[in-house]
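Inspection log for the structure reproduced underneath, given as structure tokens.
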Amino acid sequence: MLELEHEFRVVDIATRLPPTDGGGDPASRAIGPDRLEREMHQAGITKSVVYPPSQPNTSYLAPNNGVARRSVDRPFVAFARINGTQTPGRKATGRLRNAVASRDDHHTSPSDIEKYAYDDRFHGFVLDPTVDDYPDEEVLAALEDVDLPVIVRGGVDAPPETLAEVVLERSFPVVVGRFGGHPLNRELMDEMIDLLEAYDDCYLETSFVRYREQLERALLEHPDRVFFGSGAPACHPNVAVMEILTLDVSEDLLRRAFSKNACRVIEELAPAATQRS
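Counting in UniProt numbering, the sequence shown runs from 1 upward without gaps.
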């Protein structure tokens with residue numbers, strides 16, 4: 001594919017990178033770090049937040065380390081994927097299950113959070129509640145202590161109301177993936193945009209948001225709270241960039257969405273930041 005020409009600096013906060021050549025999400029196996037780097041360059045993306053694909057009932061220690069290793073000497077910023085034991089809900093059975101749930105060896109612990117936070121290869125965390133549930137109180141407290149950004153996949157199985165209850169009240173920055181409405185749920189996307197009024201440290205990420213109305217509304221109403229995400233490798237980054245370029249908003253808003261907003265929260269994405277190994 002030809003390189004996409006535009007005048008904007010673009011950083012991407014939603015990129016899955018398999019930790020090895022033979023493992024992880026089957027949809028990602030053909031996209032190794034070299035090809036991913038080439039596709040990002042073609043799209044004009046200068047830096048990308050990368051993390052391993054989600055896998056149920058799996059310890060993420062080895063996949064996280066594999067992604068960090070594959071990010072060395074590349075324009076990649078590694079985030080550590082985490083999991084939990086809690087399934088939010090107001091039903092008595094759900095509350096009882098959470099009360100007796102305990103961490104197994106594959107669950108993220110508070111000490112894991114501290115190790116990732118003080119390992120200079122990692123610069124934040126990623127959580128997919130639809131696969132990995134939510135962290136318990138002790139892990140959430142550890143996330144508050146280290147105060148690194150957390151990207152949370154939102155959608156019909158992790159709706160805005162639940163995200164508000166579990167993570168948005170916390171003191172760490174939260175980036176809600178896919179505008180909180182995956183797959184293509186406009187009502188949930190609008191609910192998530194509404195919640196930006198109540199939570200100052202909440203941000204939205206654009207991957208797989210195919211509706212111009214919601215993208216433009218978020219940028220116009222909350223110009224500092226929208227981060228570009230490509231959703232690569234499931235979506236080619238050229239396509240994701242073009243979707244933002246064709247919005248009917250000012251160049252200033254495009255610059256904010258493409259890089260300025262994310263660089264304010266994730267320092268390693270800034271132009272002057274150097275990749276550490």
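Glycine residues also receive a C-beta, built at the ideal position from the N, C-alpha and C atoms.
Cα-Cα, which of E187, P129, P183 is closest to G231?
P183
Could you check if V72 is buried or exposed, using at least 16 other CB atoms within 10 Å of its CB as the buried criterion?
exposed
Tell me E205's beta-bridge partners as DSSP assigns them.
F227
Could I get the ranges of all uninterrupted alpha helix (DSSP H) runs contained in the region 230-255, with 4 residues as the minimum, in chain order?
237-245, 251-255
Nearest CA to the CA of G180: which residue from I151, R103, M189?
M189
What did DSSP end up calling G66 once you bin it into helix, strand or coil?
helix
Taking Cβ positions, are V67 and P53 nearer each other than 7 Å?
no
Please classify S207 as buried or exposed, where buried requires at least 16 other C-beta atoms within 10 Å of its C-beta.
buried
Length at least 3, wholly inside the region 105-177: the beta strand (DSSP E) runs in chain order:
122-127, 150-155
Rounding to the nearest angstrom, what Cα-Cα distance links A27 and C235 in this structure?
The pLDDT assigned to A27 is 47, lower than 50, so where the model puts this residue is not dependable; a value taken from the coordinates is nonetheless given after this. Rounded to the nearest angstrom, the two C-alpha atoms are 11 Å apart.
Do you know offhand how far T93's Cα is from S102's?
Bear in mind that a pLDDT of 43 at T93, under 50, signals an unreliable position, so the number given afterwards is only what the model happens to contain. Taking the straight line from one Cα to the other gives about 16 Å.
Report the three-state DSSP secondary structure of K47 (helix, strand or coil).
strand
Does the contact criterion of 3 or more C-beta pairs under 8 Å hold for the region 247-264 versus the region 122-139?
no
Measure how close the beta-carbons of I151 and E221 come, nearest whole angstrom, since I'm counting them as under 8 Å.
That pair is no contact at about 21 Å.
Would Y203 and F227 qualify as a contact pair, given that the criterion is a beta-carbon distance under 7 Å?
yes
Helix, strand or coil for I193 per DSSP?
helix
Express the C-alpha separation of P75 and P160 in angstroms, rounding to a whole number.
32 Å
F79 to L127 span [Cα, whole Å]:
10 Å
Cα-Cα separation between L4 and D201, rounded to whole angstroms
32 Å
Would you call M242 buried or exposed, if buried means 16 or more other Cβ atoms sit within 10 Å of its Cβ?
exposed
Mapping the DSSP letters down to three states, classify R217 as helix, strand or coil.
helix
Should T85 go down as buried or exposed, given a rule of 16 or more other Cβ atoms within 10 Å for buried?
buried
If T135 sits next to T108, beta carbons under 8 Å apart, how far is it from one beta carbon to the other, in whole angstroms?
The sequence given here has Pro at residue 135, not Thr. Right, the Cβ-Cβ distance comes to about 7 Å (below 8 Å), so this counts as a contact.
For N64, tell me which candidate among Y199, D112, R178 has the shortest Cα-Cα distance.
D112
Compare the Cα-Cα distances from E144 to each of T58, E169, I193 and report the closest residue.
E169
Locate the alpha helix (DSSP H) running through V265, then write down its first and last residues.
261-265
Select from R81, I45, T46 the residue whose C-alpha is nearest the C-alpha of L17.
R81
Between T20, D34, R35, which has its C-alpha nearest A62's C-alpha?
T20
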